[in-house]
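Undergrad: Take a look at the following structure, please.
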Amino acid sequence: MIEILKFEMVNKGALVARFSVKMQKWGGLVIRDCTLFESGDKRWINLPSKEYEAEGKKKYAPYLIYEDRETNDKFKEAIMNAALEMRNKHSAPAQRDAFEEVPF
Numbered sequence: 463m464i465e466i467l468k469f470e471m472v473n474k475g476a477l478v479a480r481f482s483v484k485m486q487k488w489g490g491l492v493i494r495d496c497t498l499f500e501s502g503d504k505r506w507i508n509l510p511s512k513e514y515e516a517e518g519k520k521k522y523a524p525y526l527i528y529e530d531r532e533t534n535d536k537f538k539e540a541i542m543n544a545a546l547e548m549r550n551k552h553s554a555p556a557q558r559d560a561f562e563e564v565p566f
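Below, the structure written as structure tokens:
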């Protein structure tokens with residue numbers, strides 16, 4: 463089970479939110495400094511990474527990665543789905559109290 467912790471909406475450019483992930487099945491391992499991005503119809507997450515420069519451009523090397531690309535993609539997809547669910551909870555309109563509709 464994946465649990466999203468400390469979810470913080472940012473909404474700056476493509477950056478939607480910052481969050482931490484708790485992996486229950488892995489003894490409660492917490493991965494901090496994850497980010498959720500959206501641009502047009504594309505969505506992706508970034509796990510914690512180290513910034514470096516190559517050919518005059520900023521690049522990022524993730525600290526955590528599965529060697530097998532398919533496994534890595536499934537891992538990130540599971541985290542992204544949990545983050546999107548949390549984003550939807552944070553961006554859903556607040557439910558109105560039934561008494562607010564009473565005119566007095």
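Following our numbering, the numbering of the sequence shown begins with 463 at its first residue and continues without gaps. Every residue, glycine too, gets a C-beta built ideally from N, C-alpha and C.
State the start and end residues of the unbroken beta strand (DSSP E) segment that holds Ile466.
TA: Ile464 to Lys474
Undergrad: With H, G and I counted as helix, E and B as strand and the rest as coil, what does DSSP make of Asp495?
TA: strand
Undergrad: At 3 residues or longer, and completely inside the region 490-542: list those beta strand (DSSP E) runs for me, N to C.
TA: 491-501, 504-508, 511-516 and 519-524
Undergrad: Is the beta carbon of Leu498 less than 8 Å from the beta carbon of Val478?
TA: yes
Undergrad: Starting from Val483, follow its DSSP beta bridges and name the residues at the other end.
TA: Ile466 and Ile493
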